[in-house]
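Enquirer:
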Amino acid sequence: MPHPLIHTDITGQMILLGTGTSVGVPAIGCGCAVCRSTNPKNRRTRCSAIFGLPGGNLLIDTAPDMREQLLREGIGLVHAVLYTHEHADHVFGLDDLRLMQFCLGGPVPLYCEERVEQRIRTSYDYAFTGASDLHRGAVPQLVFRRITTEPFEVLGARITPIRLRHGPRCDVLGFRVGDVAYCTDVNAIPAESMALLQGLDCLVLDALRPRGHATHFGLDEAVAIARELAPRQTYFTHMSHELEHEATNAALPPRMALSHDGLRIPLNHG
Ligand SMILES: [Zn+2]
Ligand SMILES: [Zn+2]
Ligand SMILES: [Zn+2]
228 MPHPLIHTDI TGQMILLGTG TSVGVPAIGC GCAVCRSTNP KNRRTRCSAI FGLPGGNLLI
288 DTAPDMREQL LREGIGLVHA VLYTHEHADH VFGLDDLRLM QFCLGGPVPL YCEERVEQRI
348 RTSYDYAFTG ASDLHRGAVP QLVFRRITTE PFEVLGARIT PIRLRHGPRC DVLGFRVGDV
408 AYCTDVNAIP AESMALLQGL DCLVLDALRP RGHATHFGLD EAVAIARELA PRQTYFTHMS
468 HELEHEATNA ALPPRMALSH DGLRIPLNHG
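Just remember that the numbering used here sits 227 ahead of the position in the sequence shown, which is counted from 1.
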């Protein structure tokens, strides 16, 4: 690239890039107090995070707000993407990865399960035609790296996938890196996954709204999970406009809080 690259060093940190539910907060057309709030912590872009690992930046999901999120944090480079699942609010910022292939000198590795790969191959079919008449930045250059629930190494860190239930028909993955775990889009955690979430320094956990939901934890359910796992600190994410930041935080138990866009969490990847 002809211009200098803005590349903030985020090694040793996880940044919550987006902490909002699928429609974001404010929601289009909503006149509620949270959507009209001037507190920046009540503005939530779609759910995403990034890990600053020893070998580079690992983006968790490509939310529709990915471009704005990376610009906001001054992050000029994503070395690989790791997907939780294939829902639209976690995938459809993907085309903006086009800029990364210049910096990386090749395709962007996408670590995901088969279902996610199929969604991306279908939705972004133009990226997989192999057409050579396009200029180099016309379409995203992508390469898939299949993952399972087996731990794996990427960018110098060991990632432990955590199987989570996201309603009756969708299984997703959470991820543990050292003493930090990121578990969004979940309404039930199997016993074997609870076992993988012991001894955490920090847990990031789905909490959509005060009451429960068919595919997400409600706040009370999320608090109960946090009590059971007892990490040093829990932050809730994937929040709707039904959770006002300050009022909700004032009522939460110690060592639990709503997260907000841009929150930085120290990583200890062992
Ligand atoms: Zn979601
Ligand atoms: Zn609203
Ligand atoms: Zn989802």
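Ideal Cβ placement from N, Cα and C applies to all residues, glycine included. In this text, all values refer to a predicted model and were calculated from it rather than measured experimentally.
Per DSSP, what are the beta-bridge partners of residue 296 in this structure?
Expert: For residue 296, which the question treats as bridged, DSSP gives no partner whatsoever.
Enquirer: State the Cα-Cα distance for the pair residue 259 and residue 324, rounded to the nearest angstrom.
Expert: 34 Å
Enquirer: Using a Cβ-Cβ cutoff of less than 7 Å, which residues in the same chain neighbour residue 250 once the five nearest sequence positions on both sides are dropped?
Expert: none
Enquirer: Roughly how many angstroms separate the alpha carbons of residue 409 and residue 401, rounded to a whole number?
Expert: 6 Å
Enquirer: Can you give me the Cβ contacts of residue 376 inside the same chain, cut-off strictly under 7 Å, excluding the 5 residues immediately before and after it?
Expert: 388, 390
Enquirer: Where do the N-terminal and C-terminal ends of the beta strand (DSSP E) with residue 276 fall, by residue?
Expert: That run of the beta strand (DSSP E) goes 275-280.
Enquirer: Am I right that residue 261 and residue 471 are in contact with their C-beta atoms under 8 Å? What's the rounded C-beta distance?
Expert: Right, their Cβ atoms sit about 5 Å apart.
Enquirer: Quick one: is the Cβ of residue 398 within less than 7 Å of any heavy atom of ligand 3?
Expert: Incorrect: residue 398 has no Cβ contact closer than 7 Å to ligand 3.
Enquirer: Spell out a yes or no on whether the segment 435-453 and the segment 230-242 are touching, meaning 3 or more CB-CB pairs, one atom from each, closer than 8 Å.
Expert: Counting Cβ pairs under 8 Å, fewer than three are found: no touch.
Enquirer: Whole beta strand (DSSP E) runs in the segment 365-422 with 3 or more residues, listed along the chain?
Expert: You should have 369-373, 379-381, 384-392, 398-404, 407-410.
Enquirer: Extract the residue ranges of the alpha helix (DSSP H) inside the segment 281-359, only unbroken runs of 4 or more that lie entirely within it.
Expert: Segments of the alpha helix (DSSP H) lying fully in the segment 281-359: 293-300, 315-318, 327-331, 341-350.
Enquirer: Given that a residue counts as buried once 16 or more other Cβ atoms are within 10 Å of its Cβ, and exposed if not, what is residue 370?
Expert: Sixteen is the threshold: since fewer than 16 other Cβ atoms of the shown chains lie within 10 Å of the Cβ of residue 370, the residue is exposed.
Enquirer: Anyone know if the C-beta pair for residue 245 and residue 292 falls short of 8 Å?
Expert: For residue 245 and residue 292, yes; Cβs fall inside 8 Å.
Enquirer: I'd like the span of the alpha helix (DSSP H) that includes residue 433, first residue to last.
Expert: Segment 429-433 is the beta strand (DSSP E) holding residue 433; no alpha helix (DSSP H) there.
Enquirer: Under the criterion of a Cβ to heavy atom distance below 7 Å, does residue 465 qualify as lining ligand 1?
Expert: yes
Enquirer: Which residue from 280, 273, 271 puts its Cα closest to that of residue 241?
Expert: The candidate whose alpha carbon is nearest that of residue 241 is 280.
Enquirer: In the structure shown, what three-state DSSP assignment does residue 261 receive?
Expert: coil
Enquirer: So is residue 301 buried or exposed if we call it buried at 16+ other beta carbons inside 10 Å?
Expert: exposed
Enquirer: For residue 440, is the beta carbon positioned less than 7 Å from some heavy atom of ligand 3?
Expert: No, ligand 3 has no heavy atom inside 7 Å of this Cβ.
Enquirer: Counting along the chain, where does the beta strand (DSSP E) carrying residue 491 start and finish?
Expert: 491-493
Enquirer: What is the DSSP secondary structure of residue 450, reduced to helix, strand or coil?
Expert: helix
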